[in-house]
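What follows is one structure encoded as structure tokens, with my remarks underneath.
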Amino acid sequence: MAQMIKTQAEIRPTPTIEDYLAVMYVMERDEDEVIAARLAESLEVAPPTVTVTLKRMERDGWIATEQGKNIRLTDKGCAAARSVISRHMLTEWMLARMLKVPWSRVHAEADQIEHTISDEIETQMRANLDDPQLCPHGNPLPGYEYVAADWVPLTGVLPGEKITIRRIHETAEDNPDLLEFLEKNGIVPGAAVGVIEVLPFNQTLSLQVGDEKVALGFPTARYIYAERMKDEG
Ligand SMILES: [Zn+2]
């Protein structure tokens, strides 16, 4: 009799597969090529392991490969990716708002918890957290990508501009040292900052954050997005 009830574990991919699907979803969303080499780098897994896992994922219908190289999510894979990303982002908010976990720590903690949340609890979290469109780092929940559409990476701003920090890309969220630096220096979503200097030949820029001047390198700056403030008068 128990066999007749399909448990969540049977419908959902394993935590490892969920991690792969989430990374692929973000790559597809950003119109980056989804190939094994990039997955290995992003997931910090050895390339042969990625190859084996991808074969299994294709067999189970989460992904399809084209010309043996380019990978795309199937409808089923896409739905599973959206689900785990939503659970991750809602968990980040829960940790930040209810447990007061520091902003720079919620991502890593949510990575552990996201896989164990049931659909029912996810629905309750969404309602209790007032249906957020963005995670605490400003990345859009699946379905709300349009909210972030007009924000520009800091590598694209100009000296003298007034901007509001809106988003720290998922790629940067995986770097705890960077998140801690940004938190300590007030470069978090909602912060109003001025652009002092942009030096492309030097691959650096500097920002006025409150009374402090903060320098960033382009490799970091390209993962931080801001909204340009309209000039008044
Ligand atoms: Zn986040």
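Adding 16 to a residue's 1-based position in the sequence shown gives its number in this note's numbering.
All C-beta atoms in this analysis are idealised placements derived from N, C-alpha and C, irrespective of residue type, glycine included.
Taking the beta strand (DSSP E) that residue i belongs to, which residues open and close that run?
i, result
"residue 181", "178 to 184"
"residue 220", "220 to 225"
"residue 213", "208 to 215"
Could you tell me the boundaries of the alpha helix (DSSP H) in which residue i lies?
i, result
"residue 236", "234 to 237"
"residue 203", "First-last for residue 203: undefined, no H or E at that position."
"residue 243", "No alpha helix (DSSP H) holds residue 243; the beta strand (DSSP E) holding it covers 240 to 244."
"residue 42", "31 to 45"
What's the call for residue i, buried or exposed, on a 16-neighbour Cβ count within 10 Å?
i, result
"residue 82", "exposed"
"residue 43", "buried"
"residue 33", "buried"
"residue 17", "Here the model assigns residue 17 a pLDDT of 45, short of 50, so the residue's position is not dependable and the matter cannot be decided."
"residue 60", "exposed"
"residue 249", "Residue confidence is low: residue 249 scores 43 on pLDDT, short of 50, so the model does not pin down where it sits. Its coordinate-derived value is still stated next. With fewer than 16 other Cβ atoms within 10 Å, it is exposed."
"residue 19", "Note that residue 19 scores 49 on pLDDT, short of 50, meaning its location in the model is unreliable; the coordinates nonetheless yield the value given after this. Answer is exposed; the Cβ neighbour count stays below 16."
"residue 194", "buried"
"residue 115", "exposed"
"residue 228", "exposed"
"residue 182", "buried"
"residue 1", "In the structure as shown, the chain begins at 17 and stops at 249. Residue 1 is therefore absent and cannot be evaluated."
"residue 233", "exposed"
"residue 159", "exposed"
"residue 93", "buried"
"residue 23", "For residue 23, the predicted structure reports a pLDDT of 49, less than 50, and the residue's modelled location is therefore unreliable. The matter cannot be settled from this model."
"residue 237", "buried"
"residue 47", "exposed"
"residue 57", "exposed"
"residue 69", "buried"
"residue 53", "exposed"
"residue 27", "exposed"
Considering only the beta carbon of each residue, do residue i and residue j sit closer than 8 Å?
i, j, result
"residue 87", "residue 50", "yes"
"residue 79", "residue 90", "yes"
"residue 240", "residue 169", "yes"
"residue 202", "residue 226", "yes"
"residue 154", "residue 184", "yes"
"residue 180", "residue 245", "yes"
"residue 55", "residue 96", "no"
"residue 131", "residue 31", "yes"
"residue 167", "residue 231", "no"
Is residue i near ligand 2, judged by its Cβ being under 7 Å from some heavy atom?
i, result
"residue 105", "Ligands in the displayed structure: ligand 1; ligand 2 is not one of them."
*Which runs of the alpha helix (DSSP H) fall wholly inside the stretch 56 to 115 and span at least 4 residues, in chain order?*
63 to 75 and 91 to 113
*Specify whether the stretch 99 to 108 and the stretch 139 to 152 touch according to this definition: at least 3 beta carbon pairs, one from each stretch, less than 8 Å apart.*
With the rule of 3 Cβ pairs closer than 8 Å, the stretch 99 to 108 counts as touching the stretch 139 to 152.
*asked:* Would you call the stretch 156 to 164 in contact with the stretch 205 to 222, where contact means no fewer than 3 C-beta pairs closer than 8 Å?
replied: no
_For the stretch 133 to 140 against the stretch 209 to 227, do three or more pairs of beta-carbon atoms, one drawn from each stretch, fall closer than 8 Å, so that the two count as touching?_
no
_Ignoring anything shorter than 3 residues, give me the beta strand (DSSP E) runs that lie fully in the stretch 114 to 192, in order along the chain._
178 to 184
*asked:* For the structure I just gave you, are there three or more beta carbon pairs, one from the stretch 93 to 101 and one from the stretch 118 to 129, closer than 8 Å?
replied: no
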